[in-house]
Every structure is written in structure tokens, then in C-alpha cells.
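> Here it is: the structure, laid out below.
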Amino acid sequence: MAKKIVLLPGDGIGPEIMESAVRVMDQISKSFNVTFSYETADIGGVAVDNHHTPLPQTTIEACKNADSILLGAVGGPKWDNIEVSKRPEQGLLGIRKALNLFANLRPIRVYKPLVHASPLKSDRVEGADILIVRELTGGLYFGTPRERRDNGNTVVDTLQYTREEIKRIMHIGFQSAMGRSKKLTSVDKANVLESSRMWREIAEEVSKEYKEVELEHLLVDAAAMKLITEPKSFDTIVTENLFGDILSDEASIIPGTIGVLASASLNDKSLGLFEPIHGSAPDIAGKGIANPISMILSVAMMLQHSLSMPKAAEVIEKSVERALDEGYHTGDLDMDGKVLNTVEMTDKIIEFMREE
Ligand code: NAD
Ligand code: IPM
Ligand code: MN
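At the far end of the sequence shown sits residue 356, using the UniProt record's numbering, and the numbering has no gaps.
Structure representation (C-alpha cells):
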């Protein structure tokens, strides 16, 4: 039976790199004798334009009935000044909440050829391999009240977590660490925030169930520094929503571009949404030069985490690595070799997939 994949291209470079994803999936379909059926739905700015809301009910329904979901990116200057409920980002937050996608896995791996693309010293980044486990449906992003008071002179956002919400993401952190090098860094701000003090308490509690995993706690400010000075000292990181958002963009300095970072957003069932960690890149949108690797590796994560096709995921990863190894890259990467546009880079990766 065909696997039903919902495509949410979104805005800016989203549709450009989604095209690469579909071409890569078509190749997987040929090599692995599996059929994918695609349904494209609107989210973000394009949904505001077409349906007057960033998250139409029809999009939610399509996603709920899917085997898996791929998302490009949302947002852009066109929608920056509209009312808050209609901002494209609300579509993304809304779909994460609607599908209960609380666990966001953001791997940062430095493929060999990228060692020299990083602005950091090569010996610091060579071999770095980090997984950031970001809590995705709680914290400051979703806590209420969120409002202006006092005639607009006071503003309130709320950082709220329940014990259950922290516990379930902590289990994902420990389980991820178990499948890697059994070291988990829990990042918080327990010297200031009450939410972080409970976060730390629960980390300790849950660690009793994973005796083989070495747990360390790190304050987020120190973590931000150490991520750059000693990236190799990290293996698995588990952290709350906003800290994870910021640290994962920061971590893109390690491989040298955010254009290669993919992610998986998972719930407690088998449904997942797979997307690059970057945004719609308005500065390069429409030029056909975006790096498609973030989206193509999101396809690999989908095959691995949601469609039980680890071999297919491996073929994609190997082909991406080979393309970079042979010097093919997009303009966001500062490295030797040949600069290609989005379509050409995708062509190369697919060419190497055929040879796997
Ligand atoms: P961004 O991630 O879109 O861009 C930051 C920088 O990285 C830009 O210079 C951009 O050109 C570059 N970049 C990003 N992806 C790239 C790729 N694949 N190839 C080459 N270069 C790439 O962040 P921003 O500019 O702060 O945000 C733009 C819009 O995207 C905003 O509306 C923001 O809210 C939204 N956003 C959406 C998501 C998402 O959909 N998941 C994530 C982050 C930001
Ligand atoms: C991300 C993005 C989103 C987030 C925005 C666009 C709501 O930055 O996926 O990292 O902050 O989660
Ligand atoms: Mn982000």
C-alpha cells in the first residue's frame, strides 16, 4: 500500500527545497520498490493568502490522516505586520500542538568535508556529533497568559511546564542517549528559573531508570559557550523549548551552515513531522540557490523514524556525504569545490543515490 505523505511546502525557500525532497523520495520509491502518495496542503503565509488563516482545518485533517509529514518553512516579511493570530509562525506552532509533537530531535553532525566549512577551528569540530532533544509543545511558546496589560505598558509571557511534560521529554532524552554514547546533558537555568529547578529535579528522578547513562546538568549560558568552544564534549542534549530553539541555530556554526540541519518532531504515537531547523530564508528566496540538504536529510529522518526504512535513510545520507566529499555544495557553504544551485545540488545527490 502507498505511504501517504502530506507535503507542507510553506513560504520562501520552503517550496524550492520541498521539490528536492519529492525528487529524492521518487528515487527512493524506484530503488526500494515502495509507493508514496503525496498530498500538498497550505500552512503559514501561503495559507493566510489562500484561506485567511495560517493553519486551515483541512491541513490539520490531512496531517492527522497521513503516514508522515514533511514541512518546508513558514514566514516572511509579507506577513510580518499582520495580526498575531494570522502570523505564519502560528501555523507551525498550531500544527505541532494539534498533533502533540512534543519531541523535536535536531542532529548536528559534521560530515568530513564540512570540517573546513565551519568558521571554527577544524580540530574542534572534526568528529562532532550532537543530538539536541528539544521540548516542542510547552514552555514560553505556549504558556498563558500572554498579554499586554496596564494600557500596553506591561507585557507578560508565561513559562509553564507540567511534571508530565518534562518527564516525557526527559525519557526521550535518556532513550536517545542510550542509542548513542550514553551521555546526556540537561540544559537549564536552574540558578534563576523555577521551571528549570523542577526540570533538574525530574532529570535526576528519571535518570534512576537509565543507570547506564551519565547525566550532567549545564546552565544554558555556559552551554551556549561550550557548544562553540568544545562541541565534541557534547553527545545528547535535552532542553526546554526556547533554549533548544536558540542552541540549535547556534549549533549550525559547527557544520558551517544552517542549510544542512534537519529535524524530526514526534508524538507518542508513530506520527512525525520532518522539517529543516531553519526558516524561509527571505534573503535568498526565489533565487533557486537554497541548500536542499536540510530538507533532503529531513526525508532521511522520516524514513528512519517514521517509515521503518533505515536502509533508504542510509542511502540518502551517504549520497549527501559523497556529494559534499566531491566538493559539490551550495553558496551558503564556505568550502572548496563547485558551487551549485538547488536543482543541480539535488541532481548530484540523486545521481549518487542511483549508484548506491
Ligand atoms: P532563516 O533561518 O530563514 O534564515 C537565516 C539565515 O540562514 C539567512 O541568511 C538565510 O539565507 C540562511 N539560510 C537558511 N536556510 C538556508 C538554506 N537552506 N540554504 C541556504 N541558506 C539558508 O531565519 P530568519 O531570516 O530569522 O527567518 C525568516 C522567516 O522564517 C521568519 O519569518 C521566521 O519566523 C521564519 N522561521 C521559520 C521557521 C520554520 O518554518 N521552521 C524556522 C525559523 C524561522
Ligand atoms: C524553529 C522556528 C520556530 C520555533 C518559529 C518559526 C516558530 O524558529 O522551528 O526553530 O521557534 O520553534
Ligand atoms: Mn528556530
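Don't be surprised by glycine CBs; every beta carbon is placed ideally from N, CA and C. Computed from a prediction, not measured in an experiment: that's the story for all the values here.
For the putative contact between Leu-184 and Val-155, defined by C-beta atoms under 8 angstroms, what is the C-beta separation to the nearest angstrom?
Not quite, the Cβ-Cβ distance comes to about 35 angstroms (not below 8 angstroms), so this is no contact.
> To the nearest angstrom, report how far apart Phe-352 and Gly-139 are at their CA atoms.
Answer to the nearest angstrom: the Cα atoms are 42 angstroms apart.
> Rounded to a whole number of angstroms, what is the C-alpha to C-alpha distance between Asp-129 and Thr-342?
Cα to Cα, the separation comes out at about 26 angstroms.
> Using the C-alpha atoms, what's the distance from Val-133 back to Gly-272?
Spanning the two alpha carbons is a distance of roughly 15 angstroms.
> Kindly confirm or deny that the stretch 43-55 and the stretch 308-325 touch, where touching means at least three C-beta pairs closer than 8 angstroms.
No: the two stretches stay apart, fewer than three of their Cβ pairs being nearer than 8 angstroms.
> Less than 8 angstroms between the CB atoms is what I'm expecting for Ile-277 and Thr-330, so what's the real figure, rounded?
Their Cβ separation, rounded to whole angstroms, is 16 angstroms, which puts Ile-277 and Thr-330 out of contact at 8 angstroms.
> For residue 359, which three-state DSSP category applies?
Absent from the structure is residue 359, since the part of the chain shown begins at 1 and ends at 356.
> Hey, how far is the Cα of Ile-60 from the Cα of Lys-4?
One C-alpha to the other measures close to 14 angstroms.
> Can you give the Cα-Cα distance for residue 358 and Tyr-38, rounded to whole angstroms?
Residue coverage of the chain in this structure runs from 1 to 356, which leaves residue 358 outside it and unanswerable.
> DSSP three-state label for Leu-324, please.
Three-state DSSP puts Leu-324 in a helix.
> Given this structure, state the Cα-to-Cα distance separating Ile-296 from Ala-21, to the nearest angstrom.
Between Ile-296 and Ala-21, the C-alpha separation is close to 5 angstroms.
> Considering only C-alpha positions, which residue in the set Leu-340, Gly-327 and Arg-354 is nearest to Leu-114?
With distances taken between Cα atoms, Leu-114 lies closest to Gly-327.
> List the residues that DSSP assigns as beta-bridge partners of Glu-314.
Paired residues: none, contrary to the question.
> Give the list of continuous alpha helix (DSSP H) stretches no shorter than 4 residues that lie fully inside the stretch 162-205.
As far as the stretch 162-205 is concerned, its whole alpha helix (DSSP H) runs of at least 4 residues are 163-178.
> Are the beta-carbon atoms belonging to Thr-239 and Ala-117 less than 8 angstroms from one another?
Not closer than 8 angstroms, so no.
> To the nearest angstrom, how far is it from the Cα of Glu-147 to the Cα of Ser-85?
Roughly 13 angstroms between the two C-alpha positions.
> Taking the Cβ atom as the reference point for each residue, do residue 358 and Gly-94 lie within a distance shorter than 8 angstroms?
As shown, the chain starts at 1 and ends at 356. That puts residue 358 outside it, with no answer to give.
> Name the two residues that bound the continuous beta strand (DSSP E) containing Phe-142.
From DSSP, Phe-142 is part of no beta strand (DSSP E); its letter is neither H nor E.
> Alpha carbon to alpha carbon, how far is Glu-250 from Pro-107?
Taking the straight line joining both Cα atoms gives about 13 angstroms.
> Leaving aside the five residues before and after Asn-50 along the sequence, list all residues of the same chain whose C-beta is less than 6 angstroms from its C-beta, in chain order.
So the list reads Asp-42, once near-sequence residues are dropped.
> Does DSSP put Phe-352 in a helix, in a strand, or in coil?
If DSSP states are grouped into helix, strand and coil, Phe-352 belongs with the helices.
> In terms of alpha-carbon separation, which member of Leu-159, Ser-68 and Ser-294 lies closest to Leu-101?
Ranking the options by Cα distance to Leu-101, first place goes to Ser-68.
> Could you tell me whether any non-hydrogen atom of ligand 2 is closer than 7 angstroms to the CB of Leu-93?
Yes, the Cβ of Leu-93 comes within 7 angstroms of a heavy atom of ligand 2.
> Please confirm whether any heavy atom of ligand 2 lies closer than 7 angstroms to the CB of Gly-279.
Correct: Gly-279 has its Cβ closer than 7 angstroms to ligand 2.
> Would you mind working out which of Asn-33, Ser-207 and Val-74 sits nearest Thr-53, comparing C-alpha positions?
Looking at the Cα atoms, Val-74 is the closest of the given residues.
> Give the range of the beta strand (DSSP E) segment to which Glu-135 is assigned.
Residues 129-135.
> State the beta-bridge partners of His-329 as determined by DSSP.
Answer by DSSP bridge pairing, in chain order: Val-339.
> Please report how far the alpha carbon of Arg-87 lies from the alpha carbon of Asp-80, in whole angstroms.
Their Cα atoms are separated by approximately 7 angstroms.
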